Ligand code: AMP
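In our numbering, the protein residues as written are 1369 to 1696.
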C-alpha cells in the first residue's frame, strides 16, 4: 500500500544546491511510490523579518523550482501552507500540549534567537506549526535534512502524547534521512550549512545563479593548505563538501570519487564540480524561467493542489476538536 508523504520548504529565500541535493531531487523520486504532498511553507517564512514583496516573489520562485526540479502536480499535491487555515488552527491546539521546556530546547530556535533584538513568538512556535503541517495529513513519511531531525522528533512526541491522552487520532510520522548529501555546507564557511536564509550568498549556490556566478562561487570555495583530495569532513570540511556535491550529482560513491581524483589538484576538483553543477542546473533553470514568466500557472496548480487536500485537513481538525472537548 502507498504511504502518505509530506514535506515542505519555506520561502525565506531562493532554493540552493543544498535544498536540491538534500531535499527536492529525492522528493521527485519519492513521488513515484507515495501519496505525496509538497508544501511551500509560507507561514513559516514569517518567523524571519521578511518584506511582503520579497516573500511573494520567493513564494513564486520556490514553487517554480519545485516544478522545474520535477515535482509533478499530476503525481503529487503542490500548494501553499497559508491556503489551508487548518495548519494555523492545529498549531494552536499543538501549542497547548507542548511544554515550554521542550520547545525551549530546540536548537534551531536557540541559534536563530541568539543576538537578535526582537525574537517573535512565531519563531518559538515554528516547531509546533511544523508538527501541525505533518500531523494534519496522516503522514507516514517525512523526507527532511539532518537540520530538521529535532523538530520531527517533537512532532512524533506530540502525536504520541495526544493519542495517549485523547485516543488514537494521529499517525506517528517517520523521518526519512539521506546518507550522502544530507547536509551540504556553505562554500565560504564549510562548517555551516548552505542556507537560503543567509544575507550573504557568496557561499551558497542558488538554483537560479548564472553560469558565470556558479563558476565564480566554486572557484572561490574555501579549501585548505594541503593538496590531497581526500574525504575527511572533520579535518578537510571544504574539500569534503565539494566531494559530496560531486558524488551525489554524478551518482558515484565516495570510494570511486577518491579514486577518480587521486593525484589531481584542487583546481581539477573545482573544475569537475563546476561542470556537473552547471550540467545539472541547466534544464532546471530553463523550466524555472518558464514558470516565473507564467505565474498564473503556478497559482492554478497551487489552487488545485489545496482543493485536493482541504477536506482531509478540515476533517482532522474536527476530529481533534471533538476529542479535546471543543464544540463545533
Ligand atoms: P529549508 O531550506 O529549511 O526550508 O528546508 C527545506 C528542505 O531542504 C529541508 O528538508 C531541509 O532539511 C533541506 N535542506 C536545507 N538546507 C540544506 C542543506 N544545506 N543540505 C541538505 N539539505 C538541506
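Each residue gets a CB set at the ideal place from its N, CA and C atoms; glycine is no exception. Since the model is a prediction, treat every value here as computed from it, not as a measurement.
Please list the terminal residues of the continuous alpha helix (DSSP H) segment that includes residue 1464. As a working mapping, residue 1464 is identified with position 96 in the chain shown. Here residue 1464 belongs to no alpha helix (DSSP H), and DSSP marks it neither H nor E.
Is there contact between the region 1559 to 1575 and the region 1380 to 1392, where contact requires at least three CB pairs shorter than 8 Å? The region 1559 to 1575 is in contact with the region 1380 to 1392.
Compute every distance between the C-beta of residue 1511 and the non-hydrogen atoms of ligand 1, then say whether any falls below 8 Å. Numbered from its first residue, the chain shown carries residue 1511 at position 143. Within the cutoff, so yes.
With 16 as the cutoff for other CB atoms within 10 Å, does residue 1667 come out buried or exposed? Against the chain shown, residue 1667 aligns to sequence position 299. Looking at its Cβ environment, which holds fewer than 16 other Cβ atoms inside 10 Å, residue 1667 is exposed.
Let me confirm a value: residue 1694 is counted as buried when at least 16 other C-beta atoms fall within 10 Å, else exposed. Which label applies? Counted from its first residue, the chain shown places residue 1694 at position 326. So residue 1694 ends up on the exposed side.
Residue 1565 CB to nearest heavy atom of ligand 1 below 8 Å: Against the chain shown, residue 1565 aligns to sequence position 197. A heavy atom of ligand 1 is found nearer than 8 Å to the CB of residue 1565.
Tell me the rounded alpha-carbon separation between residue 1625 and residue 1671. Locating residue 1625 in the chain shown gives position 257, where the first residue counts as 1. Locating residue 1671 in the chain shown gives position 303, where the first residue counts as 1. Taking the straight line from one Cα to the other gives about 44 Å.
State the beta-bridge partners of residue 1542 as determined by DSSP. As a position in the chain shown, residue 1542 is number 174, starting the count at 1. The partner list for residue 1542 (beta bridge, DSSP) reads 1509.
If residue 1544 and residue 1509 are in contact, beta carbons under 8 Å, what's the gap, nearest whole angstrom? In the chain shown, the residue the question calls residue 1544 occupies position 176. In the chain shown, the residue the question calls residue 1509 occupies position 141. With 8 Å as the limit, residue 1544 and residue 1509 qualify as a contact, their Cβ atoms being about 5 Å apart.
In chain order, what residues of the same chain lie with their CB nearer than 8 Å to the CB of residue 1477, ignoring the 5 residues before and after it? The residue you call residue 1477 lines up with position 109 of the chain shown. Sequence-distant Cβ neighbours of residue 1477 in its own chain, meaning closer than 8 Å and more than five residues away, are 1471, 1491, 1492, 1494 and 1495.
Name the two residues that bound the continuous beta strand (DSSP E) containing residue 1425. For the purposes of this step, residue 1425 is identified with residue 57 of the chain shown, where counting begins at 1. Run containing residue 1425: none in the beta strand (DSSP E); it sits in the alpha helix (DSSP H), 1420 to 1436.
Excluding five sequence neighbours on each side, which residues of the same chain lie with their C-beta closer than 6 Å to the C-beta of residue 1681? Position 313 of the chain shown, counting from 1, holds the residue named residue 1681. Sequence-distant Cβ neighbours of residue 1681 in its own chain, meaning closer than 6 Å and more than five residues away, are 1452, 1454 and 1504.
Are the beta-carbon atoms of residue 1541 and residue 1529 separated by less than 9 Å? For the purposes of this step, residue 1541 is identified with residue 173 of the chain shown, where counting begins at 1. For the purposes of this step, residue 1529 is identified with residue 161 of the chain shown, where counting begins at 1. Residue 1541 places its beta carbon 9 Å or farther from that of residue 1529.
Looking at ligand 1, does it come within less than 8 Å of residue 1490, judged from the CB to the closest heavy atom? Residue numbering aside, residue 1490 sits at position 122 when the chain shown is read from its first letter. No, Cβ of residue 1490 sits at least 8 Å from all heavy atoms of ligand 1.
Reduced DSSP secondary structure (H/G/I, E/B, other) of residue 1409: Along the chain shown, read from residue 1 onward, the residue named residue 1409 stands at position 41. Three-state result, residue 1409: coil.
Where do the ends of the alpha helix (DSSP H) carrying residue 1477 lie? To locate residue 1477, count along the chain shown from 1; it is residue 109. Note, residue 1477: alpha helix (DSSP H), 1475 to 1481.
Three or more C-beta pairs below 8 Å linking the region 1637 to 1651 and the region 1407 to 1426: The region 1637 to 1651, when compared against the region 1407 to 1426, does not touch it at the 8 Å Cβ threshold.
Can you tell me whether residue 1553 sits near ligand 2, meaning its C-beta is under 8 Å from at least one heavy atom of the ligand? The model on display carries ligand 1 but not ligand 2.
Straight-line CA distance for residue 1520 to residue 1499? Mapped onto the chain shown, residue 1520 falls at position 152. Mapped onto the chain shown, residue 1499 falls at position 131. Cα-Cα distance, rounded: 7 Å.
Going by DSSP, what residue range makes up the alpha helix (DSSP H) through residue 1642? Indexing the chain shown from 1 puts residue 1642 at position 274. The continuous alpha helix (DSSP H) containing residue 1642 extends over residues 1634 to 1660.
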